[in-house]
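Residue numbers (the numbering used here): 2 to 407. We put the CB at the ideal spot given by N, CA and C, even for glycine.
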């Protein structure tokens, strides 16, 4: 295995390399995880705030958020395909001192997400009404989901591309810069939601506009990190590699587990909405609230796992597979402890949690009962997410180790 030559690195790159390859695991992973956990928490707080403010418009409006979640998950799936794929490849390339190759990987991945995001948005806007019915909308939910989804599609290209920029920053160990981009957009959305929905009396349209504007600004902030030289790898049109398929295939091979997992999650949400449809809008609204709460709880574990990503990739690129294994078990144990405590709290306080988002007796009844099952399932999330990412040098190189949790 090739180990990078320190003479090929700048002082900043060498310092980053020394930190990721030499700092003790119990000290390094928490340091990298804290900004990621904070950014994930605030991002999920935006999701919760969105559910809270839209819930004030009624049960049908609250349920529409759950319908549109499948659309967001689809954009995120393709964003993660190139984001996790590029991040894993780039960090190994930087670990070996292959900076020019890293530039090609980042630039090509970013280009492909722009194209895919645009195509998804175009198809979605052209098939809006039938698509919302397909995803589980009832006739009473349909007007809300159509209006909300329209704005999500309009900003979908930016959301999809942000996943690449964010993940490359994290894999480089620049978690703080990734946090700035994500947190800024999320905080802005929390303030814009009530302003647009109630202040400007735009209703569900205001929620969609607030989300679209926030995602666009978050994208621009993340992009600025690359354009202003805050990153090790560089983003440039001249680095886009279309003649050699190896660059794209390597990224796709590494990101495919993330794509499959995200798409399966999207299908799970869609089938849950379709299954709840015969029981009325209250059932879909309850599943929406429980899903958002579950995502918020898992954000803690997701942040810890993402703190492990650059450690794992840099360690493998530098030939330090002992650090890959040590970091894996440290992350797994921490994740299981955290999610266990949070899941118990969610099950104990299920009724007041659901009531906070929608003061509808039927929504509270269904949501609090379902929350118990969400809580039980949460105990297995760290194990199942990391079972496929157990460190093995051969499998890591083949690109089969990285799940969305890592």
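**Request:** Determine the burial state of residue 377: buried for a count of at least 16 other Cβ atoms within 10 Å of its Cβ, exposed for fewer.
**Result:** As a first step, residue 377 is located in the chain shown; it is residue number 376 there, counting from the start. In this structure residue 377 is exposed. Its beta-carbon is surrounded by fewer than 16 other beta-carbon atoms within 10 angstroms.
**Whole-angstrom distance between residue 105 and residue 133, CA atom to CA atom** = Along the chain shown, one-based indexing puts residue 133 at 132. Along the chain shown, one-based indexing puts residue 105 at 104. So the two alpha carbons sit approximately 38 Å from each other.
**Request:** Whole angstroms is fine: what's the gap from residue 357's alpha carbon to residue 365's?
**Result:** Sequence index remark: in the chain shown, residue 357 carries index 356 (1-based). Sequence index remark: in the chain shown, residue 365 carries index 364 (1-based). If you take the alpha carbons of residue 357 and residue 365, they lie about 9 Å apart.
**Asked** In the structure shown, what three-state DSSP assignment does residue 398 receive?
**Response** The sequence position of residue 398 within the chain shown is 397, counting from 1. Caution is warranted here: a pLDDT of 34 is assigned to residue 398, below 50, making its placement in the model unreliable, and no coordinate value can be reported.
**Asked** Can you tell me whether residue 330 is buried or exposed, with buried defined as 16 or more other CB within 10 angstroms of its CB?
**Response** Stepping through the chain shown from its first residue, residue 330 is reached at position 329. Residue 330 should be labelled exposed.
**Request:** Identify which residue in 29, 15, 216, 24 has its Cα closest to the Cα of residue 306.
**Result:** Walking along the chain shown from the start, residue 306 turns up at place 305. Answer by Cα proximity: 29.
**Item:** Inter-residue spacing [alpha-carbon to alpha-carbon] between residue 229 and residue 313
**Value:** Counting from one through the chain shown, the residue named residue 229 turns up at place 228. Counting from one through the chain shown, the residue named residue 313 turns up at place 312. Residue 229 and residue 313: Cα-Cα distance of roughly 27 Å.
**Item:** 8 Å Cβ cutoff met for residue 129 and residue 116
**Value:** As a first step, residue 129 must be located in the chain shown, where it is residue number 128. As a first step, residue 116 must be located in the chain shown, where it is residue number 115. No.
**Asked** Would you call the CB atoms of residue 182 and residue 219 closer than 8 Å?
**Response** Position 181 of the chain shown, counted from the start, is the residue given in the question as residue 182. Position 218 of the chain shown, counted from the start, is the residue given in the question as residue 219. For the pair residue 182 and residue 219, the CB atoms are nearer than the 8 Å cut-off.
**Asked** Do residue 176 and residue 33 have their C-beta atoms within less than 8 Å of each other?
**Response** Mapped onto the chain shown, residue 176 falls at position 175. Mapped onto the chain shown, residue 33 falls at position 32. The criterion of a C-beta distance shorter than 8 Å is satisfied by residue 176 and residue 33.
**Prompt:** Nearest to residue 288 by alpha carbon, out of 222, 334, 359, 341?
**Reply:** Working through the chain shown from its first residue, we reach residue 288 at position 287. The candidate whose alpha carbon is nearest that of residue 288 is 359.
**Asked** Is the segment 55–75 touching the segment 334–353, taking contact as three or more C-beta pairs under 8 Å?
**Response** The segment 55–75 is not in contact with the segment 334–353.
**Prompt:** Comparing alpha-carbon positions, which option in 138, 264, 41 lies nearest residue 63?
**Reply:** For the purposes of this step, residue 63 is identified with residue 62 of the chain shown, where counting begins at 1. The shortest CA-to-CA distance from residue 63 to any of 138, 264, 41 is the one to 138.
**Request:** Please state if the CB of residue 226 and the CB of residue 1 are separated by a distance shorter than 8 Å.
**Result:** Outside the displayed range of the chain (2 to 407) lies residue 1, so it cannot be described from this structure.
**Alpha-carbon to alpha-carbon, residue 304 and residue 184** = In the chain shown, counting from the first residue as 1, residue 184 sits at position 183. In the chain shown, counting from the first residue as 1, residue 304 sits at position 303. Going by the C-alpha atoms only, they are around 13 Å apart.
**Request:** Within 10 angstroms of the Cβ of residue 5, are there 16 or more other Cβ atoms? Answer buried if so, exposed if not.
**Result:** Mapped onto the chain shown, residue 5 falls at position 4. Any reading at residue 5 must be qualified, since the residue scores a pLDDT of 47, below 50, and its modelled position is unreliable; no value is offered.
**Message:** Considering only their Cβ atoms, is the gap separating residue 309 from residue 22 smaller than 8 Å?
**Reply:** Walking along the chain shown from the start, residue 22 turns up at place 21. Walking along the chain shown from the start, residue 309 turns up at place 308. For residue 22 and residue 309, no; Cβs fall outside 8 Å.
**Request:** Can you give me the Cβ contacts of residue 54 inside the same chain, cut-off strictly under 6 Å, excluding the 5 residues immediately before and after it?
**Result:** Numbered from its first residue, the chain shown carries residue 54 at position 53. Same-chain partners within the cutoff: 194, 195, 198.
**For residue 201 and residue 383, the rounded distance between their alpha carbons** = By one-based count along the chain shown, residue 383 stands at place 382. By one-based count along the chain shown, residue 201 stands at place 200. Linking residue 383 to residue 201 through their CA atoms gives a straight-line distance of about 42 Å.
**Asked** Thinking just about the alpha-carbon of each residue, which of 170, 46, 328 is nearest to the one in residue 91?
**Response** Taking the first residue of the chain shown as 1, we reach residue 91 at position 90. Closest option to residue 91, Cα to Cα, is 170.
**Item:** residue 123 classed as buried or exposed, judged by whether at least 16 other C-beta atoms fall within 10 angstroms
**Value:** Counted from its first residue, the chain shown places residue 123 at position 122. That one is exposed.
**Prompt:** Would residue 149 be called buried (16 or more neighbouring beta carbons within 10 Å of its own) or exposed?
**Reply:** Reading the chain shown from its first residue, position 148 is the one you call residue 149. Residue burial is scored here from C-beta neighbours: residue 149 has at least 16 other C-beta atoms within 10 angstroms and is therefore classed as buried.
**Request:** Ignore the nearest five residues each way along the sequence and tell me which others in residue 151's own chain have a CB closer than 8 Å to its CB.
**Result:** By one-based count along the chain shown, residue 151 stands at place 150. Excluding residues within five positions, the ones whose Cβ falls inside 8 Å are 126, 129, 209.
**Item:** residue 18 in three-state terms, based on DSSP
**Value:** Your numbering for residue 18 matches position 17 in the chain shown. Assignment of residue 18 by DSSP, reduced to helix, strand and coil, places it in the helix class.
**Prompt:** From residue 458 to residue 188, what does the alpha carbon distance come to, in whole angstroms?
**Reply:** This structure gives no information on residue 458, because the portion of the chain shown stretches from 2 to 407.
**Request:** Would you mind stating whether residue 278 and residue 285 have Cβ atoms separated by less than 8 Å?
**Result:** Residue mapping note: residue 278 aligns to position 277 of the chain shown, counting from 1. Residue mapping note: residue 285 aligns to position 284 of the chain shown, counting from 1. Note that the C-beta distance between residue 278 and residue 285 is below 8 Å.
**Request:** With a 10 Å radius around its C-beta and 16 neighbouring C-beta atoms as the bar for buried, classify residue 79 as buried or exposed.
**Result:** One-based indexing of the chain shown puts residue 79 at position 78. Result: buried.
**Residue interval of the alpha helix (DSSP H) (run including residue 251)** = Taking the chain shown and counting its residues from 1, the one referred to as residue 251 is at position 250. Annotation for residue 251: the continuous alpha helix (DSSP H) segment containing it runs 246–277.
**Asked** Out of curiosity, what's the CA-to-CA distance linking residue 326 and residue 60?
**Response** As a position in the chain shown, residue 326 is number 325, starting the count at 1. As a position in the chain shown, residue 60 is number 59, starting the count at 1. Cα to Cα, the separation comes out at about 47 Å.
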